[in-house]
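*Asks:* In the working numbering, the protein residues as written are 1 to 45.
Cβ atoms here follow ideal geometry from the backbone N, Cα and C, with glycine treated the same way.
Everything numeric in this text was worked out from a predicted model, so none of it was measured.
First, the structure itself, so that you have it in front of you.
Right under this line is the structure:
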C-alpha cells in the first residue's frame, strides 16, 4: 500500500509542477479549454 501512495503522490506532484509551468507561460486552462481545442481541431479538418 505504501508504494501505491508514493506513486500516487509522485503523480500529483508532477501534475502540480506542470500546472505551475503552464501558468509561468501565461497558460491558464479552464473548464472550457478542452471544448475550445476540440472545436479548433474539427474546423481544421
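#1: Rounded to the nearest angstrom, what separates residue 3 and residue 9 at their Cα positions?
#2: Starting from residue 38, trace the alpha helix (DSSP H) in both directions and tell me its first and last residue.
#3: Quick one: what does DSSP say residue 15 is sitting in, helix, strand or coil?
*Replies:* Concretely, from the data shown:
#1: Approximately 10 angstroms between the Cα atoms of the pair.
#2: Unbroken alpha helix (DSSP H) run through residue 38: 33 to 44.
#3: Under the three-state reduction of DSSP output, residue 15 falls in the helix class.
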